[in-house]
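Accompanying notes for the structure given below.
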Amino acid sequence: MWWMSVSSSAYVLWSHRCDNGSRLTGRFDYFAAKDHSRRQTDDNSETGYAATLAWLKPMNDHLDVAVEALHVVSDRPARATHMLAVQQAQTQLQLALKMHL
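Its first residue numbered 92, the sequence shown is counted upward by one per residue in my numbering.
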């Protein structure tokens, strides 16, 4: 039998609208998933957390600019079978222009 279950998950979200119309938002997530299949040879259980910080600024009635930073840290034993570090961290930065029609 091959299946995964989410053992636990939680997040906290904070958002603030600034006087100039922009919005600043932060989010912290915790997650844990348990692998119930072939754990001795391929344990895909995973635990970790993520932190996100985003800023959105309306430029006019039809255009917004947004910047978002995301940082994720997780432990996944199955990575070792591919000669990768079990614990990994990734950071991503995005810039977006949103057009409203």
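No residue lacks a Cβ here, since even glycine has one placed at the ideal position from N, Cα and C. From a predicted model like this one, the values you see are computed outputs, not experimental measurements.
CA-to-CA distance, L188 to S113, given in whole angstroms: Your numbering for residue 113 matches position 22 in the sequence shown. Your numbering for residue 188 matches position 97 in the sequence shown. Rounded to the nearest angstrom, the gap between the Cα atoms of S113 and L188 is 14 angstroms.
Residues near T143 in its chain [Cβ-Cβ closer than 6 angstroms; skip 5 each side]: As a first step, residue 143 must be located in the sequence shown, where it is residue number 52. Contacts found: R118, L161.
Distance between beta carbons of E159 and A145, contact taken as under 8 angstroms: As a working note, residue 145 is residue 54 in the sequence shown. As a working note, residue 159 is residue 68 in the sequence shown. At roughly 4 angstroms, the Cβ-Cβ gap stays under 8 angstroms, so A145 and E159 are in contact.
Reference A141, options Q178, Y102, T172, closest by Cα: Here residue 141 corresponds to residue number 50 of the sequence shown, with the count starting at 1. It is Y102.
Counterpart residues of P168 in DSSP-defined beta bridges: Here residue 168 refers to the residue found at position 77 of the sequence shown. Answer is none; P168 lacks a bridge partner.
Pairwise C-alpha distance: L184 and K148: Locating residue 148 in the sequence shown gives position 57, counting from the first residue. Locating residue 184 in the sequence shown gives position 93, counting from the first residue. When rounded, the distance between both Cα atoms is 16 angstroms.
Same chain only: Cβ atoms within 6 angstroms of A157, ignoring 5 sequence neighbours per side: On the sequence shown, residue 157 is found 66 positions in, with the first residue counted as 1. L147, A187, listed in sequence order.
C-alpha gap between W105 and F122, whole angstroms: Here residue 105 refers to the residue found at position 14 when the sequence shown is read from its first residue. Here residue 122 refers to the residue found at position 31 when the sequence shown is read from its first residue. If you take the alpha carbons of W105 and F122, they lie about 18 angstroms apart.
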